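Only one structure is covered here, and it is reproduced in the block below.
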Amino acid sequence: MYLSKLEIFGFKSFAQKTVIQFNKGITAIVGPNGCGKTNIVDALRWCIGEQKSSVLRSDKMENVVFNGTSMRKPLGMSEVSLTIENDRGVLPLDYSEVIITRRIFRSGESEYLLNKNIARLKDITGLFMDTGMGANAYSVIELKMVESILSNKAEERRTMFEEAAGVNKYKIRRRLTLRKLEEVRDDLNRANDLISEIEKKVTTLERQASKAEKYKELADKLTELDLSSAAIELFIMLEEQGLWQQKHLEAAADKHETDLKLKELDKEYAEIREQTFSTENELKEIRRKITAKTEVIYRSEQTISVAQESKRSLENNIKRFETELEEFKGLIEQAEESLEDLNFDLDEKSSEEAVLSDSIGGLSAVLEEKRERLNKAREDVRAFGESVLSRVQSAARRVNEFSNMEKGKERTEKEIEKSAEKENFLTEEIKRNNSFIEELSSEIEETSGNLKNAEQLFNETTLKEETLQAELNALKEKEFDKKSALNDLKTRIDFLTDLINNLEGFSLASKKLKEDNTWYKGEKQVVSALGEPAEEFRLALEAALKENFTSFIVPKIADVQAAVSLLLNSKSGKASFIVDLGNGKKKKSIAERIAGYAGKKALKQLKNEKGFIDFAYKLIKVPVKYQKYFEVMLQNVAVVKDLSAALKLAGKYSDFTFITADGDRVKGNGVVEAGSKLREEDSLFGRKAQLESLKLGIKPLEDELTAIKQSIYEKEYALHLIDLKDIREAIKIYQSDLLQLEKQLAQHQFEVKKATEEKDTLLKEREALSEQLKHFEEEIIALKNEIESDEKFKAETQATRSEFEANAAEAESEFGVVSKDYNLKNVELERVKGEKRNILNSIERTNQNILSTRSSIARREEDIKNAKNEIELLTGTIEDSTFDLDENKEAREALRLKEKEIEADYLVKRGELDELDRQKNALREERDKISDQLHLSDLKFNEYSINIRNLKERVTEKYDREIEPKEPSDEERQKLPEWRREVNKIEQQLHQMGPVNLLAFEEYDREKERFDFYAAQRDDLIRSEKDLIKTIEEINTTAQTLFFETFEAIRENFRKIFRSLFREEDEADLKLEDGVDPLEARIEIIAKPRGKRPTSIELLSGGEKTLTAIALLFAIYLVKPSPFCILDEIDAPLDDANIDRFTKILREFSANTQFIVVTHNKRTMEAADTMYGVTMQEEGVSKLVSVRFNKDFNIVA
43 MYLSKLEIFG
53 FKSFAQKTVI
63 QFNKGITAIV
73 GPNGCGKTNI
83 VDALRWCIGE
93 QKSSVLRSDK
103 MENVVFNGTS
113 MRKPLGMSEV
123 SLTIENDRGV
133 LPLDYSEVII
143 TRRIFRSGES
153 EYLLNKNIAR
163 LKDITGLFMD
173 TGMGANAYSV
183 IELKMVESIL
193 SNKAEERRTM
203 FEEAAGVNKY
213 KIRRRLTLRK
223 LEEVRDDLNR
233 ANDLISEIEK
243 KVTTLERQAS
253 KAEKYKELAD
263 KLTELDLSSA
273 AIELFIMLEE
283 QGLWQQKHLE
293 AAADKHETDL
303 KLKELDKEYA
313 EIREQTFSTE
323 NELKEIRRKI
333 TAKTEVIYRS
343 EQTISVAQES
353 KRSLENNIKR
363 FETELEEFKG
373 LIEQAEESLE
383 DLNFDLDEKS
393 SEEAVLSDSI
403 GGLSAVLEEK
413 RERLNKARED
423 VRAFGESVLS
433 RVQSAARRVN
443 EFSNMEKGKE
453 RTEKEIEKSA
463 EKENFLTEEI
473 KRNNSFIEEL
483 SSEIEETSGN
493 LKNAEQLFNE
503 TTLKEETLQA
513 ELNALKEKEF
523 DKKSALNDLK
533 TRIDFLTDLI
543 NNLEGFSLAS
553 KKLKEDNTWY
563 KGEKQVVSAL
573 GEPAEEFRLA
583 LEAALKENFT
593 SFIVPKIADV
603 QAAVSLLLNS
613 KSGKASFIVD
623 LGNGKKKKSI
633 AERIAGYAGK
643 KALKQLKNEK
653 GFIDFAYKLI
663 KVPVKYQKYF
673 EVMLQNVAVV
683 KDLSAALKLA
693 GKYSDFTFIT
703 ADGDRVKGNG
713 VVEAGSKLRE
723 EDSLFGRKAQ
733 LESLKLGIKP
743 LEDELTAIKQ
753 SIYEKEYALH
763 LIDLKDIREA
773 IKIYQSDLLQ
783 LEKQLAQHQF
793 EVKKATEEKD
803 TLLKEREALS
813 EQLKHFEEEI
823 IALKNEIESD
833 EKFKAETQAT
843 RSEFEANAAE
853 AESEFGVVSK
863 DYNLKNVELE
873 RVKGEKRNIL
883 NSIERTNQNI
893 LSTRSSIARR
903 EEDIKNAKNE
913 IELLTGTIED
923 STFDLDENKE
933 AREALRLKEK
943 EIEADYLVKR
953 GELDELDRQK
963 NALREERDKI
973 SDQLHLSDLK
983 FNEYSINIRN
993 LKERVTEKYD
1003 REIEPKEPSD
1013 EERQKLPEWR
1023 REVNKIEQQL
1033 HQMGPVNLLA
1043 FEEYDREKER
1053 FDFYAAQRDD
1063 LIRSEKDLIK
1073 TIEEINTTAQ
1083 TLFFETFEAI
1093 RENFRKIFRS
1103 LFREEDEADL
1113 KLEDGVDPLE
1123 ARIEIIAKPR
1133 GKRPTSIELL
1143 SGGEKTLTAI
1153 ALLFAIYLVK
1163 PSPFCILDEI
1173 DAPLDDANID
1183 RFTKILREFS
1193 ANTQFIVVTH
1203 NKRTMEAADT
1213 MYGVTMQEEG
1223 VSKLVSVRFN
1233 KDFNIVA
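The sequence shown begins at 43 in my numbering and counts up by one.
Printed below as a string of structure tokens:
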């Protein structure tokens, strides 16, 4: 493996394209200072990936581009290509010839090519890693690096050892692993912080949960004790009630038996009522599930609709993409046809070029033969001329001069003609490139416009997407709020409907009259269903009318009698009625009129009292036909500001009843009813009106919800239609196209600039040739006159002279013919080469167009594939949603069937309750027939009943459950007072506990789960940390082993080579710093030449340092030889004797390593197999002269 060729163009002082052919062995590069020798080394180092501009002796990388001279303009780009013969497979590529190219433009943009394919810097550095050939490897050594390698702080020395040991890849892996380890430790620290924070929260929640658990235990204990004692108290009350009845009335046995039966019926009634409530709740749950299923069905239908629309959109996109594919394929076919034509033309031109080259080669040999013959003939003429008189010699000289002038004139005319042809060619080349430049500029402008439009469209689409998303989020929040409001409203309506349908709060008699239509043919109205009070006075009117809430309003007394008869027959109890008795038609007595007058006067006075608001009948809105009834019921009822005003006014106006807005009532006789407000759901007043009002609110909410859902669907569909991926891809394509077009434009502009410079040079040369032609013409005229005067003298020697001259003329004629043919062939060859270059450029552009079009085809095929995949996903979604839709519909139908079954069961249980009601009514009717002698016992019985009711109400209000009596044992009777004390004690403990977070259990479980999750994550990170540390240890072990083995081998070689360069008894050694990681340890060089004992290697002379560095370098080569080595003037400090040692070791190693030596030393030049001389004929522009010894001699212009 070796470097075979280096091509430099526009790099530093190499303005023109320069090709350096390297051979195996030793190649020397020589030349005066400042001519550009080191620029060749810089070019090679730059080509293989050097990134430090300081190493290339520049402050910026763009400065390596040729910057022009006083005679030349600066170039726009620089390019260096290095050809490596990979015959031993050292480079990990399947190519025997590897070409690495690096370009840089003056704008700073650069690129790499590997075998003419675009590559990355990473690819280039990876290619040379651990081969000893990289930009920073030991394959390039400069004189200044000798000091660096031998200095105490040298990193270059370690780099050389690591490159030889092949541990760079391990160090890179270790660095990456350490970085990953650092990331894992950062994650571990974050996890520990989170765990610490969550642990504190879990501890707090655990305490709260413990407190909540204690609270729950006390509350459960309180409930158990309170309910048990209440059940026993209830039983004792019932028992006392029965005993009191037995004690005071021996005749009350029948009543007691009736009470017991009634109690059993109540118990049975309560059980059935509980079952009814359970069935009713089940029915509500079924209906809720039906509603939920309906919502799921709606969402499934919506999902199917959106998926179908998306599928149609994707199918349309596929059709469009397929059309574009057909267009692209057509373009490729056209380009391939054009490419075939161009390849055909290229083959023709190549054949023509080969024919011309062969012809020129043959003519060159003939030309040399004719030139030798011509020279011989001229020598004969010259010899003859010497044998004659001096005048003849002068005449011959003048004839020769005349002939030379003629030939010079002819050559000059041909050169002028050739210059004109080349100028025409360059003009056409400039015209053609300018045409390309115009086309590319137009394409760049168009592509820039497209890119700008695409970026603008991307920004607008992004803004539109963000706006739509924000609107969608707002609509979803609004939808949630509306759904919540609608559900709350429906719940309220269901609650009121159940209250109205079940006639909650009505007596059995009222329910019977409400359900029976035989006693009254008209619409049955009760007071609670008619009035619509002002909202702020609803509680006041509730308090004023509460005795009459369940009263029926009937117009006739006969209707009352019919109702009472029905109740007597059905034994349903008693009901109340409001009837028009016709009192208004009676003639009032004087006493009544006086009382009326006094009442009116009192009314006027009351209106002016402080705290008075208005009379109650004026604050309620009722139908006109029922107003008189409400005026009667609310007669002398006034609404006042507060309870204080009511008490004060009741003392002054005893005939009035005063009601506050909160429902407190004060009668003139001193009866006061006051306390907390009545709960809204307990109100019997205005339920129907309230229900109708709530129902009216459903439709607007449903309409709003429908509109919001439609808006959400529209926004989601609009978001679905937005596809930023295609726009991003278009932007990338436009950017890539723009970059390629700008590169092509820069190339053509460079070609135009280059051709223009050549044209300017041709013009200057043609002006010089014209001056030379004019000189030739003047000389020819002068020589003609002199030749005519010599004609007589020539006549005497004409025969002999004519013979010699004839031979010379013949030889000259033949030489002129061959020379002319040779020159014409060269001109034709140059023309063919130019046409061939044009064809190659066209082929390259066509290939680029084909690649670009194929890239577009690949993208479109990928788009079609993605669209088809998405269609498959959408089809699956549609099928799944359709399947789910069918299942949900079936489930909803099943739920509806179950709803009917539960509803039927509910109606059966309601019938059983009605039957029990009738039985209970019969027992109560029997109990009502008890004699008046039981009045006292009845009072006691009623007292116990009140106590029992209060107890039940307390339990129901406190625990929300029905209480049943429990017969206590003797022990339980004795413990009952203790239980009550314990209940009071527990209630006090609960009160002292203060606020308790009853949700702490859920929060604790949630945070505990979160804590366990992060703890598991922490364990995973700890394991990852251990694995990474283990990996680093393995890398260190492997790298250290390789490094130690290589170090010991280099150390042994260094000792041998050092002694060969100095003396056998001289000492040299390499040492590693103790107690430090070997991969980071400092490498110490010990060198003691010629018996010296320097305390530091820096005390050695320049030559000794150089030989020590050379010994170290070649010691490394013995362990891991580099395919090539570049030595830049490192022999400068060496004397002749050391130069001989240096060249000897070069010769020894040149069998396996190719050496390229930049030198000024003649002895080093003598050792070279090939030598290149760098000159600077034109100021600021380097040129090359090459010599390969013992084989050929070649001068490179």
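Just so you know, even glycine gets a beta-carbon here, dropped at the ideal spot from N, CA and C.
Bear in mind that the values here come from a model prediction, so they are computed numbers and not experimental data.
List, from N- to C-terminal side, the alpha helix (DSSP H) runs of 4 residues or more that fit wholly inside the region 357-396.
Runs found: none.
In three-state DSSP terms, what is Cys1167?
strand
From which residue to which residue does the beta strand (DSSP E) around Asp656 run?
Element bounds for Asp656: Phe654 to Phe657.
Just how far apart, CA to CA, sit Asp706 and Thr998?
24 angstroms
Whether Thr321 touches Lys951 by CB criterion (8 angstroms):
yes
With DSSP run on the structure shown, which of helix, strand or coil describes Thr469?
Per DSSP, reduced to three states, the secondary structure at Thr469 is helical.
Alpha carbon to alpha carbon, how far is Leu689 from Ser271? Give it in angstroms, no decimals.
For Ser271 and Leu689, the gap between their C-alpha atoms comes out near 40 angstroms.
Limits of the unbroken alpha helix (DSSP H) element including Tyr671:
Gln669 to Met675 is the extent of the alpha helix (DSSP H) around Tyr671.
So, at 8 angstroms on beta carbons, what are the nonlocal neighbours of Lys115 in its own chain, with the 5 sequence-adjacent residues on each side left out?
Lys795 and Glu799
Quick one: which unbroken beta strand (DSSP E) runs of 3-plus residues sit fully inside the region 50-103? Chain order, please.
Counting only runs of 3 or more, we get 60-63 and 68-72.
Residue range of the alpha helix (DSSP H) that includes Val602
Ile599 to Ser612
Sequence-distant residues of its chain with Cβ nearer than 7 angstroms to Val61 (five each side left out)
Lys47 and Glu49
Considering Cα atoms alone, identify which of Leu550, Thr336 and Thr504 is closest to Ala936.
Thr336
Rank Thr1088, Lys667 and Gly710 by C-alpha distance to the C-alpha of Ala680 and give the top, closest one.
Gly710
How is Asp974 classed by DSSP in three states: helix, strand or coil?
Bear in mind that a pLDDT of 48 at Asp974, under 50, signals an unreliable position, so the model cannot answer this.
Backbone CA spacing between Glu723 and Ala261 [nearest angstrom]
Any reading at Glu723 must be qualified, since the residue scores a pLDDT of 48, below 50, and its modelled position is unreliable; the value itself is stated next. Using only the alpha carbons, I get a separation of about 27 angstroms.
Hey, Ile701 and Ala585: beta-carbon distance below 8 angstroms or not?
yes
What are the start and end residues of the beta strand (DSSP E) that includes Met113?
No beta strand (DSSP E) contains Met113, which DSSP labels as neither H nor E.
The region 338-352 in contact with the region 919-927 per 3-pair CB rule at 8 angstroms
yes
Asp974 versus Glu967: straight-line alpha-carbon distance, rounded:
Residue placement at Asp974 is poorly supported in this model, since its pLDDT is 48, which falls under 50; the coordinates still yield a value, given next. Roughly 15 angstroms separates the two Cα atoms.
Validate contact between the region 409-416 and the region 852-861 using beta carbons, cut 8 angstroms, 3 pairs:
Short answer: they touch.
Can you have a look at Phe56 and say buried or exposed, based on whether 16 or more other CB atoms are within 10 angstroms of its CB?
buried
Neighbour-count burial assignment, Lys613, 16 or more Cβ in a 10 Å radius:
buried
Do the region 456-469 and the region 745-754 meet, that is, are 3 or more Cβ pairs less than 8 angstroms apart?
Fewer than three Cβ pairs drawn from the region 456-469 and the region 745-754 lie within less than 8 angstroms of each other, which leaves the two stretches out of contact.
Measuring straight from C-alpha to C-alpha, what distance separates Ala772 and Ala496?
Between the alpha carbons of Ala772 and Ala496 lies a gap of roughly 7 angstroms.
Beta-carbon separation of Ile1128 and Asp1111 under 8 angstroms?
Against a cut-off of 8 angstroms, the Cβ pair of Asp1111 and Ile1128 comes out as a contact.
Please work out which residues of its chain come closer than 8 angstroms, Cβ to Cβ, to Asp165, disregarding the five sequence neighbours upstream and downstream, and give them in chain order.
Counting only residues of its own chain and dropping the five nearest sequence neighbours on each side, Asp165 has a CB closer than 8 angstroms to the CB of Tyr154 and Leu156.
Using only CA atoms, which one of Tyr137, Val132, Thr125 and Glu121 lies nearest to Ser152?
Glu121
Going straight from the alpha carbon of Ser812 to that of Thr489, what length do you get?
49 angstroms
Three-state secondary structure (DSSP) of Glu1220
strand
From which residue to which residue does the beta strand (DSSP E) around Ile1172 run?
That residue, Ile1172, is in no beta strand (DSSP E); it is neither H nor E in DSSP.
Taking 7 angstroms as the cut-off, is the CB of Trp286 close to at least one heavy atom of the ligand HEM?
Inclusion of the ligand HEM in the displayed structure is not the case, the ligand content being empty and no account of it being possible.
For Asn529 and Ile750, what's the separation of their Cα atoms in angstroms?
16 angstroms
Does the count of Cβ pairs from the region 883-892 and the region 451-465 closer than 8 angstroms reach three?
The region 883-892 vs the region 451-465: no contact.
To which residues of the same chain is Leu220 closer than 7 angstroms at the C-beta, ignoring the five residues directly before and after it?
Ile1074
Pick out whichever of Ala604, Pro597 and Ala617 has its Cα sitting closest to the Cα of Asn35.
With the chain covering 43 to 1239 only, the question about residue 35 has no answer from this structure.
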